[in-house]
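Undergrad:
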Amino acid sequence: MKVLTWNINGIRASKKSLKVLFDSLDADIICLQETKVTRDMLDEPSAIVEGYNAYYSFSRKRSGYSGVATFCKDTAAPCKAEEGLSGLLTSQSEDSVGFYGNLDDFDVENKELENLDAEGRAVITQHRIKCKDGEVENVAIINVYVPRAAEREDRQQYKLRFLSLLQNRAETLLQNNSHVIVLGDINTTHSPLDNCDTESEEFTKRPSRLWMNQFLRESDRDPNLECNDEESEILGETMTPNLIGGFFVDSFRNLHPDKEGAFTNWCTTTNARENNYGRRLDYILTNEKLHVDCVTDAIIMPEIDGSDHCPVKVIYDCEIVVPKKCPSLCTKYMPEFRGSQQKLSSFFIKKSDSNVEISHTEKELKSQEIVLLKVPVISNSCQSESLNLSNLKKRASDTVLSTSKSKRSKTDKPEVSKQSSLKTFFIKPTKTEEKSSLSKLINLKISEHIPKSPESKTFPIQTKTSPYFNKASENKSVVKSTNKLGSGEGTVGSGEITAPTKSNSSSAWKSLLSGPGKAPLCKGHKEPCVLRTVKKDGPNKNKQFYVCARGEGHSSNPEARCDHFVWVNHKSK
1 MKVLTWNING IRASKKSLKV LFDSLDADII CLQETKVTRD MLDEPSAIVE
51 GYNAYYSFSR KRSGYSGVAT FCKDTAAPCK AEEGLSGLLT SQSEDSVGFY
101 GNLDDFDVEN KELENLDAEG RAVITQHRIK CKDGEVENVA IINVYVPRAA
151 EREDRQQYKL RFLSLLQNRA ETLLQNNSHV IVLGDINTTH SPLDNCDTES
201 EEFTKRPSRL WMNQFLRESD RDPNLECNDE ESEILGETMT PNLIGGFFVD
251 SFRNLHPDKE GAFTNWCTTT NARENNYGRR LDYILTNEKL HVDCVTDAII
301 MPEIDGSDHC PVKVIYDCEI VVPKKCPSLC TKYMPEFRGS QQKLSSFFIK
351 KSDSNVEISH TEKELKSQEI VLLKVPVISN SCQSESLNLS NLKKRASDTV
401 LSTSKSKRSK TDKPEVSKQS SLKTFFIKPT KTEEKSSLSK LINLKISEHI
451 PKSPESKTFP IQTKTSPYFN KASENKSVVK STNKLGSGEG TVGSGEITAP
501 TKSNSSSAWK SLLSGPGKAP LCKGHKEPCV LRTVKKDGPN KNKQFYVCAR
551 GEGHSSNPEA RCDHFVWVNH KSK
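Numbering (the numbering used here), first residue to last: 1 to 573.
(1) Please state whether DSSP places D282 in a helix, a strand or coil.
(2) If you compare alpha carbons, which of S63, Y546, E119 and N287 is closest to L89?
(3) By Cβ distance, which residues of its chain are closer than 6 Å to Q214, with the 5 residues on each side in sequence left out?
(4) What are the partner residues of W211, as DSSP defines its beta bridges?
(5) Counting only the same chain and skipping the five closest in sequence on each side, list residues whose C-beta sits under 7 Å from that of Q157.
(6) Kindly indicate the opening and closing residues of the alpha helix (DSSP H) around R155.
(7) Assuming Y277 contacts W266 under a Cβ cut-off of 8 Å, what Cβ separation, rounded to an integer in Å, is found between them?
(8) Note down, in chain order, each residue of its chain lying with its Cβ closer than 7 Å to the Cβ of D194, except the 5 sequence neighbours on either side.
(9) Between which two residues does the beta strand (DSSP E) harbouring C31 extend?
(10) Go through the region 13 to 88 residue by residue and report every complete run of the beta strand (DSSP E) that reaches 3 residues or more, in order.
(11) What are the boundary residues of the beta strand (DSSP E) that R128 is part of?
(12) Mapping the DSSP letters down to three states, classify F337 as helix, strand or coil.
(13) So, do the region 71 to 89 and the region 43 to 57 have three or more beta carbon pairs nearer to each other than 8 Å?
(14) Take every Cβ of the region 149 to 156, pair it with every Cβ of the region 250 to 269, and state whether three or more of those distances are shorter than 8 Å.
(15) For D644, tell me which candidate among S505, R550, L165 and K61 has the shortest Cα-Cα distance.
(16) Here's the rule: buried if 16 or more other CB atoms are within 10 angstroms of the residue's CB, otherwise exposed. What is Y36?
(17) Buried or exposed: which applies to W509, given that a residue is buried once 16 or more other Cβ atoms fall within 10 Å of its Cβ?
(18) Do you know offhand how far P323's Cα is from F71's?
(19) Give the single residue among L531, Y52 and E231 whose Cα lies nearest to the Cα of I29.
(20) Which residue wins for smallest C-alpha separation from D74, given the options P327, H190 and T432?
(21) Can E559 and N143 be called in contact, C-beta distance under 8 Å?
(22) Quick check on this structure: which residue in R221, V249, W211 and D293 has the alpha carbon closest to the alpha carbon of L235?
(23) Measuring straight from C-alpha to C-alpha, what distance separates R532 and A519?
(24) Check whether the Cβ atoms of V321 and K130 lie closer than 8 Å to each other.
(25) Specify the secondary structure class of N143 as computed by DSSP and reduced to three states.
(26) Any heavy atom of the ligand ATP closer than 7 Å to the CB of E135?
(27) Please report how far the alpha carbon of E137 lies from the alpha carbon of L25, in whole angstroms.
(28) So, with DSSP's three-state summary, where would you put R273?
(29) Using beta-carbon positions only, say whether I300 and A272 come within less than 8 Å of one another.
(30) Out of curiosity, what's the CA-to-CA distance linking C79 and V534?
(31) Contact check, T270 vs E552 under 8 Å by CB: the rounded distance?
(32) Name the DSSP beta bridge partners of A256, please?
(33) So the alpha helix (DSSP H) E237 belongs to, where does it begin and stop?
(34) Apart from the five residues on each side of it in sequence, which residues of its chain come closer than 6 Å, Cβ to Cβ, to A149?
(35) Here's a check: name, in chain order, each residue in its chain whose Cβ is nearer than 7 Å to the Cβ of L21, leaving out the five neighbours to either side.
(36) Using the three-state DSSP reduction, which class does N138 fall into: helix, strand or coil?
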């Protein structure tokens, strides 16, 4: 059984088809994080992949945010599946995983459990496996995308409460005779070996590292991680009292205890992947018994690109028992993907109302077509003074209004609700809208029949505010323009119009849109720098600066980016 986890950073951003991508990963169960797909955005190529069955969890707070998905080969399908950790997102059917543990410590009045599951950060699949001894056992695979705390105190609190809920569910499943694999983007680096920069503020902030330390079995813990009084208080406020800890193994680190540079995430802005200057944020944590009995190999796959993370894969020496049918959470059972064709009108209005409105709309469209046909064709004699456009517009507009009023169906019903519906695209426009629309059509028809003289030309009139303004004595490109209408002839304007030369235009645009100039050479490598912009909030936001173009790396690496830095205005910081 090959189990893989990967923060894909947008499932629809893949340049390959998901079928080709998944086959290249060579895994039976593929757990993806940060899919950035909400329920309304899910399309068929992301939901239905040949040879796989899919199980999604969607964010209910923001569109195109967070989200996880588990894709299982048809030969590795689960027997149960559910979305979320609290059980509030499942219908408690026969194929839900169950076993939620003690949730009394979570704030019910403030809907804490709903909020922890609202960002689409967990999906659980339960499989039946046959191990070496021939016995068939359960294994629950919890695919999680742990929140990132960043610099916000409220998100730090949210992250620790999410980890508490995760541990509560994992330990409850273990206590109910199921193996458990917790995997995904845990968004923390456990030990110094897992971080390229142990002096960074992110690494020194330790609450989530301390959580990881107690979650693992004692032999896999970092002995240098001990809680101080402040950290003990933080963990005491966020962790539920019924948690035990010590049941899980970091499968990769257990098999490669001293391997350096085993990173799974790199900063794309600084091209840090080029020098392997990153962090290990992605883990496959296996309960101790299953790890000891079945884990044979664990690998990190940095050669797989397409995201700022790379996949991690663990191989288990066991066989998956395939169920007769997939759980109801599977995407192939969703209405739009299950193969039964549906009419668009069934999503918005009743069928009877739809028929009435469409019939009425057809009548109105035909009546307007008739009126347009009655508008007289304007010949080349339009230069005659007898042509009165305002009268023509008024006559045609009145005809439309009177015709549409007389043809109005008695079956028209007023809108009952203010909510938008499909009807709004077919209802009759107001008188003001009809007049405006018809006026545009008449003007278009008239313009088609007005003859245009091939000699007439238009030039931009020079003003003192124009970038092309030149004194008459300096610019000799002066053109007199005439416009012929039929047999009549007359001059346009009351003076001479100056046409800009090509050189004037080019120089004016260059003066307006001057670039930052030639990039300076960095001090360390004497190579052209790259221009960057400050995105972080603060006094320097949106300011531009130059840095070395090479990828970020350790200060001791001469091939990595040097410390060259200069503002675009050449004021060094």
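Beta carbons are placed, not taken as given, at the ideal position from N, Cα and C, and that holds for glycine.
TA: Reading it off the structure:
(1) Reduced to three states, the DSSP call for D282 is strand.
(2) With distances taken between Cα atoms, L89 lies closest to E119.
(3) Cβ within range, chain order: G245.
(4) W211 pairs with nothing; no bridge assigned.
(5) Hits under 7 Å: T238.
(6) In the DSSP assignment, R155 falls within the unbroken alpha helix (DSSP H) covering E153 to Q175.
(7) Right, their Cβ atoms sit about 7 Å apart.
(8) The answer, listed in chain order, is R279 and R280.
(9) Taken as a continuous stretch (DSSP letters only), the beta strand (DSSP E) holding C31 covers I29 to Q33.
(10) The region 13 to 88 is shown to contain whole beta strand (DSSP E) runs of 3 or more residues at 29 to 33, 52 to 57, 68 to 73 and 80 to 83, in chain order.
(11) Boundaries of the beta strand (DSSP E) around R128: A122 to K130.
(12) Coil at F337, not helix or strand.
(13) Judged by Cβ distances under 8 Å, the region 71 to 89 makes contact with the region 43 to 57, as three or more pairs qualify.
(14) Contact between the region 149 to 156 and the region 250 to 269 is absent, with fewer than three C-beta pairs closer than 8 Å.
(15) In the structure displayed, the chain extends from 1 to 573; residue 644 sits before or after that span and is not available.
(16) A small correction: the amino acid at residue 36 is Lys; Tyr does not occupy that position in the sequence shown. With 16 or more Cβ atoms within 10 Å of its Cβ, K36 is classed as buried.
(17) W509 is classed as exposed because its beta carbon has fewer than 16 other beta carbons within 10 Å across all chains shown.
(18) Looking at the two C-alpha atoms, the distance is approximately 16 Å.
(19) When only C-alpha atoms are compared, the closest one is Y52.
(20) Out of P327, H190 and T432, P327 has the C-alpha closest to the C-alpha of D74.
(21) Contact annotation: E559 and N143 have beta-carbon atoms that are not nearer than 8 Å.
(22) That would be W211, whose Cα lies nearest to the Cα of L235.
(23) When rounded, the distance between both Cα atoms is 11 Å.
(24) Taking 8 Å as the Cβ cut-off, V321 and K130 qualify as a contacting pair.
(25) Strand.
(26) Looking for the ligand ATP in the displayed structure turns up nothing, as the structure carries no ligands at all.
(27) The straight-line gap separating the alpha-carbon atoms of E137 and L25 is approximately 26 Å.
(28) Correct three-state label for R273: helix.
(29) It is not a contact, given that the beta carbons lie outside the stated cut-off.
(30) Between C79 and V534, the C-alpha separation is close to 50 Å.
(31) Indeed, because the Cβ distance is near 4 Å, the residues count as touching under 8 Å.
(32) Correcting the residue identity first, residue 256 is His in this sequence and not Ala. By DSSP's assignment, H256 forms no beta bridge with any residue.
(33) Residues D229 to T238.
(34) Excluding its 5 nearest sequence neighbours in each direction, A149 has C-beta neighbours in its own chain below 6 Å: R155, Q156 and K159, listed in chain order.
(35) For L21, the CB contacts under 7 Å within the same chain, skipping 5 residues up- and downstream, are S14 in chain order.
(36) Strand at N138.
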